[in-house]
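FYI, the numbering for the sequence shown is 1 to 388, going by this note's numbering. Glycine included, each C-beta is placed from N, C-alpha and C at the ideal position.
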Amino acid sequence: MKKIAILGSSGSIGLQTLDVVSKMKNVVNVVGLAVGFNIEILKSQIKKFKPEVVSVSNLIDAQKLKKWCILNKFRIDVHSGDTGLERLVTTSKIDTVVVALVGTVGLKSIIAAIKAKKNIAIANKEILVVAGNYIMNLANKNGVSILPIDSEHSAIFQCCINEKKSRIKKIILTASGGPFYRYNKDFSKITVEQALDHPTWKMGKKITIDSATLMNKGFESIEASILFGVPIDKIEIIIHPQSIVHSMVEYVDGSVIAQLSNHDMRLPIQYALTYPERLDSNIQTLDFAKIHKLEFYKPDFNKFPCLKLAYSVAKKGYTLLTTMNAANEVAVAAFLNKEIKFTDIFKIIDITIKSHRILKNVSLKTFFKVDSWAKKYARKIIDNHTYG
Ligand code: MG
Numbered sequence: 001m002k003k004i005a006i007l008g009s010s011g012s013i014g015l016q017t018l019d020v021v022s023k024m025k026n027v028v029n030v031v032g033l034a035v036g037f038n039i040e041i042l043k044s045q046i047k048k049f050k051p052e053v054v055s056v057s058n059l060i061d062a063q064k065l066k067k068w069c070i071l072n073k074f075r076i077d078v079h080s081g082d083t084g085l086e087r088l089v090t091t092s093k094i095d096t097v098v099v100a101l102v103g104t105v106g107l108k109s110i111i112a113a114i115k116a117k118k119n120i121a122i123a124n125k126e127i128l129v130v131a132g133n134y135i136m137n138l139a140n141k142n143g144v145s146i147l148p149i150d151s152e153h154s155a156i157f158q159c160c161i162n163e164k165k166s167r168i169k170k171i172i173l174t175a176s177g178g179p180f181y182r183y184n185k186d187f188s189k190i191t192v193e194q195a196l197d198h199p200t201w202k203m204g205k206k207i208t209i210d211s212a213t214l215m216n217k218g219f220e221s222i223e224a225s226i227l228f229g230v231p232i233d234k235i236e237i238i239i240h241p242q243s244i245v246h247s248m249v250e251y252v253d254g255s256v257i258a259q260l261s262n263h264d265m266r267l268p269i270q271y272a273l274t275y276p277e278r279l280d281s282n283i284q285t286l287d288f289a290k291i292h293k294l295e296f297y298k299p300d301f302n303k304f305p306c307l308k309l310a311y312s313v314a315k316k317g318y319t320l321l322t323t324m325n326a327a328n329e330v331a332v333a334a335f336l337n338k339e340i341k342f343t344d345i346f347k348i349i350d351i352t353i354k355s356h357r358i359l360k361n362v363s364l365k366t367f368f369k370v371d372s373w374a375k376k377y378a379r380k381i382i383d384n385h386t387y388g
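In C-alpha cells, the structure reads:
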C-alpha cells in the first residue's frame with residue numbers, strides 16, 4: 001500500500017489524482033491533502049478520503065476547518081502556510097508526495113519532503129525549471145525518486161526503462177501546438193478566452209496560457225533535460241496535433257521508442273503512483289484503424305518567441321532560469337487579468353532576462369532572492385508600460 005500526500009488537491013491534477021486513487025483503493029491510501037483557498041473542495045475530499053493531515057494557505061481558514069473537523073468527528077491534524085506544508089510532507093506515514101501546485105510555491109515543501117526521504121511524484125514543472133539541479137542532487141543524496149507526472153515526461157521515463165542514458169541520441173518531445181499552432185491572424189489581438197481554449201488538454205489557467213505561448217514546451221524541455229540528464233540541445237520539439245504519441249527517445253542505434261495512448265492525464269498519474277507496477281485502468285484504449293494518421297511538424301520559433309527564448313535561457317542556465325520563470329508567472333497573471341496583450345508576455349520576460357546578471361553560486365536563498373527580484377521587476381515593467 002502506497003501512502004501519499006497530495007499538494008494542490010483542489011487543482012486539475014490534484015482532482016485527477018484523487019480520481020485515480022478512488023479506483024485503486026487497496027493500492028494507494030491518501031494520508032495528506034493540501035489546498036490553497038478551496039476549503040469547500042477540501043471538506044468534500046476529507047469526507048471521501050479521510051486523510052490524517054491537511055494543510056491550507058492561511059491560519060484563519062485552518063482554524064475554521066479545525067472546528068468543522070471536530071464538529072463532524074474527523075480526527076485530522078490541520079496546518080497552515082509554508083510551515084504547514086512542510087509539516088504535512090514530513091508526516092512519518094507518508095511515503096510519496098504528489099506535487100501538483102502552481103508555480104514555485106511548493107519548492108520549500110519539496111525540499112523538506114526529500115530530506116524526510118519521501119519519493120516525489122511531480123506535476124509542476126516550474127520547480128524543476130527554477131531549482132532542478134539542486135533538487136535532483138538532493139534526491140540522489142537521500143536515495144529518493146523523482147517520478148514525472150507530466151504526460152511527456154512520463155512517456156520519456158517509460159521509453160528509458162532498462163536503457164542506458166549514455167545511449168540516448170536524442171529525446172523527441174511532442175507538443176500539441178496549443179490553440180494557435182495554425183493561427184495566422186495578428187497574435188497581439190489574441191484574447192484571454194481564445195488562449196484558454198486548448199484543443200486537447202483541459203488544464204489549469206496558468207499552464208493553459210503557457211501552452212498557448214509554447215513557453216510550457218520550453219519549460220518541458222528544461223524539465224526533461226534535468227530529469228533525464230540529457231543536454232538541452234539533444235532535446236527536439238516536434239508538433240504533433242493528435243497528442244497520441246506523448247514523446248519518444250531515439251537511441252544511438254537509430255531505434256526510436258515511443259509511448260502512445262489517448263490523451264488522459266490519469267494515465268501518467270497512475271503510472272507515477274504504481275511504478276514499477278502497471279495496473280488496469282479505465283482509460284479508453286487506442287483504436288489505430290480509427291486514428292488513420294499521426295502528424296508531425298517542426299515548431300515555428302518566430303511565431304512562438306517564448307519557446308526560442310526558453311531554449312537560449314536553458315543553455316545559459318543558473319539563475320537566468322529562475323528569472324525567466326518568475327517573469328513569465330507575472331506576465332501570464334497580467335495577461336489573464338487583461339492588463340497586457342498576448343504578445344507582451346514575451347516582451348516582459350525578455351526585458352526582465354536582459355536586466356539580470358547570472359549568478360552561478362546558487363544556494364536556495366539565492367533562488368528566492370532572484371525569484372522575488374524578477375517578479376518585482378516584471379511587475380514594474382507592466383505598471384510603467386515600459387515594454388513597448
Ligand atoms: Mg505536458
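Which residues DSSP lists as bridging residue i, in chain order
i      : result
His153 : Answer is none; His153 lacks a bridge partner.
Leu7   : Ala34 and Val99
Tyr275 : DSSP output for Tyr275 lists no bridge partner at all.
Ile120 : Val97 and Ile146
Val105 : Answer is none; Val105 lacks a bridge partner.
Gln270 : Partner(s): none; Gln270 has no beta bridge.
Asn29  : Lys3
Val53  : Gly32 and Asp77
Residue range of the beta strand (DSSP E) that includes residue i
i      : result
Tyr251 : Val245 to Tyr251
Pro199 : Element bounds for Pro199: n/a, residue is neither H nor E.
Ile41  : No beta strand (DSSP E) contains Ile41, which is instead part of the alpha helix (DSSP H) from Ile39 to Phe49.
Asp280 : Element bounds for Asp280: n/a, residue is neither H nor E.
Leu260 : Val256 to Leu260
Ser57  : It is not in any beta strand (DSSP E) - Ser57 carries neither H nor E in the DSSP assignment.
Cβ-based burial, residue i [other Cβ within 10 Å; buried from 16]
i      : result
Glu339 : exposed
Glu329 : buried
Asp344 : buried
Ile348 : buried
Gln270 : buried
Lys25  : exposed
Tyr297 : exposed
Thr319 : buried
Val252 : exposed
Glu295 : exposed
Thr96  : buried
Asn216 : buried
Gly254 : exposed
Leu321 : buried
Ala331 : buried
Met1   : exposed
Ala289 : exposed
Ile46  : buried
Ser57  : buried
Glu193 : exposed
Proximity test, residue i beta-carbon vs the ligand NAP heavy atom, cut-off 7 Å
i      : result
Ser372 : The model depicted lacks the ligand NAP and carries the ligand MG instead.
Residue range of the unbroken alpha helix (DSSP H) whose run includes residue i
i     : result
Gln16 : Ser12 to Ser22
Assumed close pair residue i, residue j - CB separation to whole angstroms, cut-off 8 Å
i      : j      : result
Val245 : Ile257 : Rounded, the Cβ-Cβ distance is 11 Å, inconsistent with contact.
Ile135 : Lys118 : Actually they do not touch by this definition, with Cβ atoms about 13 Å apart.
Thr352 : Tyr311 : About 17 Å; that fails the 8 Å criterion.
Gly36  : Val53  : In fact, because the Cβ distance is near 16 Å, the residues do not count as touching under 8 Å.
Ser44  : Gly84  : At roughly 20 Å, the Cβ-Cβ gap does not stay under 8 Å, so Ser44 and Gly84 are not in contact.
Ala112 : Ile149 : At roughly 19 Å, the Cβ-Cβ gap does not stay under 8 Å, so Ala112 and Ile149 are not in contact.
Thr390 : Asn325 : No answer is possible for residue 390: the residues shown for the chain start at 1 and end at 388.
Ile76  : Cys69  : 5 Å
Ile239 : Ile232 : So it is not a contact: roughly 18 Å between Cβ atoms.
Ile226 : Gly132 : 3 Å
Ala34  : Gly8   : 7 Å
Ala155 : Ser247 : 4 Å
Any C-beta of chain D under 8 Å from that of residue i
i      : result
Pro241 : Reference to chain D is not applicable here, since this structure consists of a single protein chain.
Inset, instruction - Quick one: which unbroken beta strand (DSSP E) runs of 3-plus residues sit fully inside the segment 162-243? Chain order, please. - result: Scanning the segment 162-243 for uninterrupted beta strand (DSSP E) segments of 3 residues or longer gives 168-175 and 235-239, listed from N- to C-terminal end.
Legend entry - Segments of 4+ residues assigned as alpha helix (DSSP H) that fall wholly inside the segment 338-370: Taken in chain order, the complete alpha helix (DSSP H) segments of 4 or more residues contained in the segment 338-370 are 344-354.
Inset, instruction - Mind listing, in chain order, the continuous beta strand (DSSP E) runs of no fewer than 3 residues lying wholly within the segment 67-94? - result: Secondary structure remark: continuous beta strand (DSSP E) runs of at least 3 residues inside the segment 67-94, in chain order: 77-80.
Legend entry - Sequence ranges, alpha helix (DSSP H) only - wholly within the segment 276-338, length at least 4: Secondary structure remark: continuous alpha helix (DSSP H) runs of at least 4 residues inside the segment 276-338, in chain order: 288-291, 305-316 and 319-336.
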